[in-house]
Amino acid sequence: MSTYTQCSKEDLRAVKDALDVLNGRWKLQILIALLNGKRRFKEIARDIDGISDRMLSKELKELESNHLVTRVVIDAFPPVVEYTTTSHAKSLHKVIHALKEWGYYHRKEIIG
Numbered sequence: 001m002s003t004y005t006q007c008s009k010e011d012l013r014a015v016k017d018a019l020d021v022l023n024g025r026w027k028l029q030i031l032i033a034l035l036n037g038k039r040r041f042k043e044i045a046r047d048i049d050g051i052s053d054r055m056l057s058k059e060l061k062e063l064e065s066n067h068l069v070t071r072v073v074i075d076a077f078p079p080v081v082e083y084t085t086t087s088h089a090k091s092l093h094k095v096i097h098a099l100k101e102w103g104y105y106h107r108k109e110i111i112g
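Below is the structure:
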């Protein structure tokens, strides 16, 4: 078990900023769905149980506005839209891995 380190106001602000960008039930799940490369809207929707098309569209727009997801429209008939993570989003890989590990630990702690 590691020791507790005090946080400054700036540290707390940085954590708040991160949580503001990644808040909610869906954003991290969307980013995880995009870890393996380009995906179309319906492919992402199929990967995430319980998300509505409206919510997925809203969350993708927010992730795009925070430079975590890129939306590319391919000129075809009908038009094809693909989403991918940005290099900025790739900086979250360690965070996602740490959350995954903690999730396994927490599940074991609670369920046994």
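In full-length UniProt numbering, the protein residues as written are 1 to 112. For each residue, glycine too, the CB sits at the ideal point set by N, CA and C.
Asked, Found
"Residues sharing a beta bridge with Arg40, DSSP", "Glu82"
"Residue from Leu12, Asn23, Arg40 with nearest C-alpha to Thr84", "Arg40"
"Among Glu43, Glu59, Ile32, the one whose alpha carbon lies nearest that of Ile96", "Ile32"
"Continuous alpha helix (DSSP H) stretch holding Ile111: start and end", "93-111"
"DSSP state of Arg25 mapped onto helix, strand, coil", "coil"
"Beta carbon of Lys27 nearer than 7 Å to that of Glu59", "yes"
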